[in-house]
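Worksheet: one structure, shown below.
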Amino acid sequence: MAEALVSRENLRHNARLILDKLQGRARIMGIVKANAYGHGARKVSASLESLGIRDFGVANVHEAIELKTGGTLKNSSSILAFSSPLFSQIESYLLHDIDMTLCDIETLEAADAIAAACNRTIGVQVKVDTGMGRLGIRTPEALEFLRRIDSSRGLRLKGIYTHFAESSVPGGYTAAQLSEFKTLTSEYEHAASKTVLKHAANSGAILSSPDSWLDMVRPGILLYGYHPSENTPSRLDVIPVMQVEARVIFIKEVKAGTTVSYNRTWSAPGPRRIATVAAGYADGYFRTLSNKSTVMIQGKPFRQVGTVTMDQIMVDLGDDREVKKGDRAVLFGWDGPSADSIAGIAGTISYETLCSVSSRVKRIFI
């Protein structure tokens, strides 16, 4: 069975690097959606909270409730759900004191009515689509939308935010998005005679566009030890937070011409030892890695051979006689290949590599 070691110290190291870069200019919202990119949202959030981080971002209300009721966060911490809620979910925001993303008039009216009927208010943050094209109210409609919130009985505006489409590339499209967002928020604050929390910068923008930091930044992949793109002009000495390992469960001697795994995609070029490791695509080790990746055993790299199966992979030990049953094989992490290198082989990104580590892989916080 595969295990995922999660290093609290590496996580805190990465967070401190970001805090040092910000130099107090903006606060941090820790992005812990998708179970903290596969690392374990509750314990990751608690570690970040120990550094003074009090804002957290998740994908939806279900993730927010799980984090809110997990018993690891203090009551002072704020949780924003990024998805636009279904009407049936609105009461959950009230019940659990979760900040709601608002970006359409129908949800605004429904949330206002439900909260006002309870003589309560829902904290809301308005998502503005400045060019991502995914979620958010369009900029020309945003001022009137914000005025509607201010005049409501059941809604309390807590922030305005946007999201960049090409955050690792400074200038160009990112600069245009930022300019549009700043113009909008400036007009709103002037008209409303008040300031409001503004945020836009994700990991790429933290590194490439300091003028986008505004009041708060939203690091995700940087916290977990990877850069958003190899093209990011500025980099930090972040360290992987997760290491995925599995045990060698079987070793056999084969002769030249012996084929391995489904569809016989690999055959031994000569006599060698083959190890079977207890991890496969059901654990998040992509099938597209077949015959292309390496694992580390006893600090030495060995090639994975044959088709990756659901529960096991096979490794060519050559004539190595030191590897034995029970040894740990590092699939990726600080002692083995990086999630970036695995992603490069599989034709994806480190984000997907981390998030694909399945629930049957036990997380062990160290």
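In terms of my numbering, the sequence shown is residues 48 to 413.
For glycine and all other residues, C-beta sits at the position ideal for the given N, C-alpha and C.
Of the listed residues the options, nearest to residue i (C-alpha basis)
i: valine 266; options: Ala49, Arg63, Glu56 and Ala51; result: Correcting the residue type first, residue 266 is proline in the shown sequence and not valine. The option with the nearest alpha carbon to proline 266 is Arg63.
i: isoleucine 392; options: Leu261, Ser337, Ile112 and Asp144; result: Ser337
i: threonine 154; options: Ile169, Cys165, Pro280 and Leu142; result: Ile169
i: valine 79; options: Lys121, Ala128, Gly118 and Ser123; result: Ala128
i: lysine 302; options: Ile321, Asp284, Val291 and Pro287; result: Ile321
i: leucine 133; options: Leu149, Lys121 and Leu142; result: Leu149
i: methionine 414; options: Thr356, Leu401, Gly206 and Phe349; result: Absent from the structure is residue 414, since the part of the chain shown begins at 48 and ends at 413.
i: arginine 59; options: Ser226, Ile100 and Thr186; result: Ile100
i: isoleucine 286; options: Glu292, Thr279 and His274; result: His274
i: serine 125; options: Arg334, Ser340, Glu188 and Lys205; result: Lys205
i: alanine 51; options: Leu378, Ser388 and Phe333; result: Leu378
i: glutamine 70; options: Leu182, Asp151 and Val264; result: Val264
i: arginine 407; options: Ala326, Ser226 and Ser139; result: Ala326
i: tyrosine 398; options: Met48, Ile145 and Leu270; result: Leu270
i: arginine 375; options: Phe412, Tyr328 and Val291; result: Val291
i: glutamate 23; options: Lys121, Ser139 and Phe192; result: Because residue 23 is not part of the residues shown, which for the chain are 48 to 413, the question remains open.
i: asparagine 61; options: Ile207, Ala73, Thr306 and Gly77; result: Gly77
i: glycine 178; options: Glu213, Asp387 and Pro348; result: Glu213
i: alanine 164; options: Pro187, Gln172, Thr186 and Ser199; result: Ser199
i: isoleucine 344; options: Thr230, Thr356 and Asp382; result: Asp382
Separation of residue j from residue i, as counted between CA atoms
i: leucine 98; j: threonine 312; result: 49 Å
i: aspartate 176; j: serine 131; result: 13 Å
i: glycine 251; j: isoleucine 196; result: 31 Å
i: glycine 117; j: serine 123; result: 14 Å
i: phenylalanine 142; j: glutamine 351; result: First, the residue type needs correcting, since residue 142 is leucine and not phenylalanine in the sequence shown. Near 50 Å, if we compare the C-alpha coordinates of glutamine 351 and leucine 142.
i: valine 362; j: serine 405; result: 21 Å
i: asparagine 278; j: alanine 248; result: 17 Å
i: alanine 160; j: leucine 202; result: 9 Å
i: serine 255; j: proline 280; result: 6 Å
i: methionine 147; j: lysine 90; result: 23 Å
i: phenylalanine 211; j: glutamate 188; result: 19 Å
i: alanine 111; j: asparagine 57; result: 24 Å
i: glycine 85; j: glutamate 113; result: 15 Å
i: asparagine 82; j: serine 139; result: 19 Å
i: alanine 238; j: arginine 194; result: 9 Å
i: glutamine 136; j: isoleucine 184; result: 20 Å
Residue range of the beta strand (DSSP E) that includes residue i
i: isoleucine 268; result: Unbroken run through isoleucine 268: none, as it is neither H nor E.
i: threonine 119; result: First-last for threonine 119: undefined, no H or E at that position.
i: glutamate 56; result: Counting along the chain, glutamate 56 falls outside any beta strand (DSSP E), though it belongs to the alpha helix (DSSP H) covering 55-69.
i: leucine 127; result: 125-128
i: alanine 303; result: Unbroken run through alanine 303: none, as it is neither H nor E.
i: isoleucine 169; result: 169-176
i: threonine 148; result: 146-149
i: glycine 104; result: 102-105
i: isoleucine 411; result: 409-412
First through last residue of the alpha helix (DSSP H) which encompasses residue i
i: valine 108; result: 108-115
i: arginine 89; result: 88-96
i: threonine 154; result: 152-164
i: isoleucine 14; result: A question about residue 14 goes unanswered here, because the residues of the chain that appear run from 48 up to 413.
i: tyrosine 84; result: 80-84
Any chain B beta carbon closer than 9 Å to residue i
i: proline 275; result: Looking at the structure shown, chain B is missing, and only one protein chain is on hand.
Check your understanding: Does the stretch 288-296 touch the stretch 95-110, meaning 3 or more C-beta pairs lie closer than 8 Å?
Key -> no
Practice item. Please list the segments of the beta strand (DSSP E) lying wholly inside the stretch 219-255, counting only runs of 3 or more residues, in order along the chain. Key: Here the runs fully enclosed are 245-248.
Point to revise | Ranges of the alpha helix (DSSP H) found wholly within the stretch 311-396, counting only runs of at least 4 | key: 386-393
Practice item. Would you mind listing the beta strand (DSSP E) stretches within the stretch 185-210 that are 3+ residues and don't spill past its ends, in chain order? Key: You should have 202-208.
**Study point:** Inter-stretch contact at 8 Å, needing at least 3 Cβ pairs: the stretch 254-261 / the stretch 208-228
**Key:** Result yes; three or more Cβ-Cβ pairs closer than 8 Å.
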